[in-house]
Amino acid sequence: MRSLRHRGPDGEGLFVDPDTGVHLGHRRLAILDLAGGGQPMWNEDQTVAVIHNGEIYNHVELRHQLIARGHRFTSDHSDTEVLVHGYEEWGADLPVRLNGMFAFAILDRSSRRLFLARDRFGEKPLYYTHRAGMFAFASELTALCQLPFVDRQIELAAIQKFLAYGFLPSPRTLLEGVFKLPGGSWLLFDLDQNVVRTDRFWQFSLTPDERLNESHDDVLAEELRELIVQAVRRRLISDVPLGVFLSGGIDSGAILAAAARSMPADTIRTFTIGFTEPSFDESDYAATVAKTFGTQHATDRLDLETARDLLPRVLGALDEPLGDPSILPTYLLSRFTRREVTVALSGDGGDELFAGYDPFAALALAQTYHRLVPSGVHRLLRDLADLLPLSDRNMSFDFKVRRALAGLSYPASMWNPAWLAPVEPEAMAELCDHPLAPEELYSEAIQQWERARPHQSIVDRTLEFYTTFYLPDNILTKVDRASMMSSLESRAVFLDNDLVAFCQRLPHRFKYRNGTRKYLLKRALEGDLPADILRRPKKGFGIPLAKWLRSDPPALPMDPVPGIRIDRVRQAWTEHREGRRDHRLFLWSWLSLQSVLRSYLGRSDAA
Numbered sequence: 031m032r033s034l035r036h037r038g039p040d041g042e043g044l045f046v047d048p049d050t051g052v053h054l055g056h057r058r059l060a061i062l063d064l065a066g067g068g069q070p071m072w073n074e075d076q077t078v079a080v081i082h083n084g085e086i087y088n089h090v091e092l093r094h095q096l097i098a099r100g101h102r103f104t105s106d107h108s109d110t111e112v113l114v115h116g117y118e119e120w121g122a123d124l125p126v127r128l129n130g131m132f133a134f135a136i137l138d139r140s141s142r143r144l145f146l147a148r149d150r151f152g153e154k155p156l157y158y159t160h161r162a163g164m165f166a167f168a169s170e171l172t173a174l175c176q177l178p179f180v181d182r183q184i185e186l187a188a189i190q191k192f193l194a195y196g197f198l199p200s201p202r203t204l205l206e207g208v209f210k211l212p213g214g215s216w217l218l219f220d221l222d223q224n225v226v227r228t229d230r231f232w233q234f235s236l237t238p239d240e241r242l243n244e245s246h247d248d249v250l251a252e253e254l255r256e257l258i259v260q261a262v263r264r265r266l267i268s269d270v271p272l273g274v275f276l277s278g279g280i281d282s283g284a285i286l287a288a289a290a291r292s293m294p295a296d297t298i299r300t301f302t303i304g305f306t307e308p309s310f311d312e313s314d315y316a317a318t319v320a321k322t323f324g325t326q327h328a329t330d331r332l333d334l335e336t337a338r339d340l341l342p343r344v345l346g347a348l349d350e351p352l353g354d355p356s357i358l359p360t361y362l363l364s365r366f367t368r369r370e371v372t373v374a375l376s377g378d379g380g381d382e383l384f385a386g387y388d389p390f391a392a393l394a395l396a397q398t399y400h401r402l403v404p405s406g407v408h409r410l411l412r413d414l415a416d417l418l419p420l421s422d423r424n425m426s427f428d429f430k431v432r433r434a435l436a437g438l439s440y441p442a443s444m445w446n447p448a449w450l451a452p453v454e455p456e457a458m459a460e461l462c463d464h465p466l467a468p469e470e471l472y473s474e475a476i477q478q479w480e481r482a483r484p485h486q487s488i489v490d491r492t493l494e495f496y497t498t499f500y501l502p503d504n505i506l507t508k509v510d511r512a513s514m515m516s517s518l519e520s521r522a523v524f525l526d527n528d529l530v531a532f533c534q535r536l537p538h539r540f541k542y543r544n545g546t547r548k549y550l551l552k553r554a555l556e557g558d559l560p561a562d563i564l565r566r567p568k569k570g571f572g573i574p575l576a577k578w579l580r581s582d583p584p585a586l587p588m589d590p591v592p593g594i595r596i597d598r599v600r601q602a603w604t605e606h607r608e609g610r611r612d613h614r615l616f617l618w619s620w621l622s623l624q625s626v627l628r629s630y631l632g633r634s635d636a637a
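Mapping of the sequence shown onto this note's numbering: residues 31 to 637, in sequence order.
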């Protein structure tokens, strides 16, 4: 439990059941019912106990329903106690009734079983293992690795999967026999039979209601605006100070506009991270949005020296490798924000639900290219793209061209992961002793692509990829780890149940139309945000990694990694430093992988 103190610095609770031998431990970050929310929390007759990480935003409504059915509550307004009585009333149907972010475990002493569940998108982490007759679970791999029956054996295929995606798709981890419970899932462990069973209680899928195509844009925009306001109001419930992450983009601007409808704008605290490199910096846009509403705004900056100082701390705190270098500014933003507040509202999920990423703008062209351009011409174009001068600017032309052409080397079912890949399959064949075939590397993405309903558009298939894989296993993992390092709770407004349900039935023409991404969201914000904010191109939350790795590179660890040819890593390192190739994503992923193998999983067990 000490290894999880950063996730809950305000208190701890431990229960050991003499009858079942079950140990329940909990670290608390106090947000609601500060005096009465300690855990484990029990029902009236001490037969059901719960430990819980997260927030249940509809706990007041559920409490009223349960009281009407005869349940007696002892806490004043704890959301966790709703889980105890909700399980008594609804059993395994409890999670589907919850609107929130959560990972919880319930001990049912009467039926002698453990019931675990994780929120729909996996905002809150939950790992588990079942081996040698032992079952254990935790919020981070770090805690599980301290158990003597977890032998920390590295799964070689998982290393390649990580380098191919930039993250590890659930339920996979680097460790054999240790799993992530996927978002939207529950797990049941029978203590007597020593059997684990898992199932989905919810899975994201797009079911467009074509009748909405007949609706006027303004009508749908107003409905969307009201749903965002409701989602924000649910997330403003807190017994501790609260603020808003502000990037100067559409998503965070929508959240601030909604918050300003629920509370005086001059009482809202907003927080931004800027960069010294202009092509990456969005702090002026954020300041414009903050000034529009009159918030209490604060800005911090990330420069090379700060990044170098943060690197060991951030990489050392990761319990699984992450190929997304924006965890550095996310951590700095969280640390900066935590000085003033304990809770922050975030715009995570907006890009995935409303088609905000660059690939959405390239899909039609990609289909035409893939159909008309012969493979030999494609190979020539890739070679020519490698001759383009390298630029360290954010989302530079040469970077986009190389990434696009790399992805288009493969079938459409692999485009999305290949466009994200730190190491594309062709390069993986040179990097690894026993490389997986592209179909094996991207098996999860291919299965998702092939599950598509008949006549599903390529835009919707791409939306489902980003929402099913990239959002939970990259974005939400990054935000959870970065915020929890500073004991800050981040609340994703766009992942509200009602808002997501609206997006699921919304035809894709309201998300991407005539080259405009986030079409309906922008329409909903007209009059709330300045026109130049609505029109400006998306930058993303990137960092000047390519430049930093050349100008003042960190020491790159070269410890042996199973199945990886270290000479190829050294070659990539040399090519990048000399400005001959751009290997920024691979080199960051390598740093992350090495850090996890060293600090958490045990180097001696990995070799």
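C-beta atoms are modelled at their ideal positions from N, C-alpha and C, and glycine is treated no differently.
Can you list, in chain order, the residues of its chain with a C-beta nearer than 7 Å to that of L420? Leave out the 5 residues immediately preceding and following it. Excluding the 5 residues flanking it on each side, L420 has same chain C-beta neighbours closer than 7 Å at D428, G609 and D612, in chain order.
Every unbroken beta strand (DSSP E) within the stretch 265 to 342, with a cutoff of 3 residues, ordered by chain: Those beta strand (DSSP E) runs which fall completely within the stretch 265 to 342 and span 3+ residues are 272 to 275, 299 to 305 and 326 to 332.
Buried versus exposed, by CB contacts within 10 Å (16 or more), Q176: exposed
Going along the chain, which residues of its own chain have a beta-carbon closer than 8 Å to the beta-carbon of F234, five neighbours each way excluded? In its chain, beyond the 5 residues on either side, R150, F151, G214, E494, T497, T498, V530 and Q534 have a beta carbon closer than 8 Å to the beta carbon of F234.
Distance check for A316 and T329, CA to CA, integer angstroms please. 9 Å
Taking the C-alpha atoms as reference points, what is the distance between W216 and P560? 43 Å
Own chain residues within Cβ distance below 6 Å of H327, not counting five before or after: T300 and A320
Please state whether DSSP places E456 in a helix, a strand or coil. helix
Straight-line Cα distance separating D413 from F197: Their backbone Cα atoms lie some 28 Å apart in a straight line.
Beta-carbon proximity list for R483, same chain, < 6 Å, skipping 5 on both sides: none
Would you kindly report the start and end of the unbroken beta strand (DSSP E) that includes F25? Nothing can be reported for residue 25, as the shown portion of the chain is limited to 31 through 637.
Please return the same chain residues whose Cβ sits closer than 8 Å to the Cβ of D635, not counting the five positions on each side in sequence. Residue confidence is low: D635 scores 42 on pLDDT, short of 50, so the model does not pin down where it sits. No coordinate-derived value is stated.
With three or more beta-carbon pairs closer than 8 Å as the criterion, would you say the stretch 539 to 559 touches the stretch 270 to 290? yes
Tell me the residue span of the beta strand (DSSP E) that contains F145. It spans R143 to R148 - the beta strand (DSSP E) in which F145 sits, taken as one unbroken run.
Beta-bridge partners of D220, as assigned by DSSP: R143 and V225
Return helix, strand or coil for P39, following the three-state DSSP convention. strand
Contiguous alpha helix (DSSP H) assignments of at least 4 residues, all confined to the stretch 527 to 599: Positions of the alpha helix (DSSP H) runs, each at least 4 residues long and wholly inside the stretch 527 to 599, are given as 527 to 534, 549 to 555, 561 to 565 and 575 to 581 in order along the chain.
Can you tell me the Cα-Cα spacing of Y158 and G51, whole angstroms? 17 Å
Can you give me the Cβ contacts of I298 inside the same chain, cut-off strictly under 8 Å, excluding the 5 residues immediately before and after it? G273, V274, L286, A289, A290, F323, T325 and Q326
Would you call the stretch 357 to 370 in contact with the stretch 402 to 410, where contact means no fewer than 3 C-beta pairs closer than 8 Å? no
Leaving aside the five residues before and after R99 along the sequence, list all residues of the same chain whose C-beta is less than 8 Å from its C-beta, in chain order. E119
Can you name the start and end residues of the alpha helix (DSSP H) that V509 belongs to? L506 to M514
Count the other CB atoms, across all protein chains shown, that sit within 10 Å of the CB of F179; report buried if there are 16 or more and exposed otherwise. exposed
Is the beta carbon of K508 sitting closer than 8 Å to the one on I280? No, these two residues do not count as a Cβ contact at 8 Å.
Among E605, L627, S426 and L438, nearest to L402 - alpha-carbon criterion: L438
Alpha carbon to alpha carbon, what distance is there between G207 and A451? 25 Å
Tell whether a beta-carbon distance below 8 Å holds between L186 and P583. Not in contact: L186 and P583 (Cβ atoms no closer than 8 Å).
Proximity below 8 Å, CB of L250 to CB of L550: yes
Which residue wins for smallest C-alpha separation from K8, given the options T306, D109, Q69 and A79? Lying outside 31 to 637, the shown extent of the chain, residue 8 is not represented and no answer is given.
Helix, strand or coil at F197 according to DSSP, with G and I counted as helix: coil
Would you report the Cα separation of V105 and G68, rounded to the nearest angstrom? For the record, residue 105 in the displayed sequence is Ser; it is not Val. Going by the C-alpha atoms only, they are around 10 Å apart.
Would you mind giving the Cβ-Cβ distance between L113 and V90, rounded to the nearest angstrom? I have them listed as a contact below 8 Å. The pair is not a contact, with the Cβ atoms about 14 Å apart (cut-off 8 Å).
What would DSSP say about S517, mapped onto helix, strand or coil? coil
Whether or not the stretch 190 to 204 and the stretch 441 to 461 are in contact is what I'm after, with contact meaning three or more pairs of Cβ atoms, one per stretch, closer than 8 Å; do they touch? yes
Beta-carbon gap between I488 and Q624 smaller than 8 Å: no
Please go through the same chain and pick out, in chain order, the residues whose beta-carbon is closer than 6 Å to the beta-carbon of L466, but skip the five residues on each side of it. Q190
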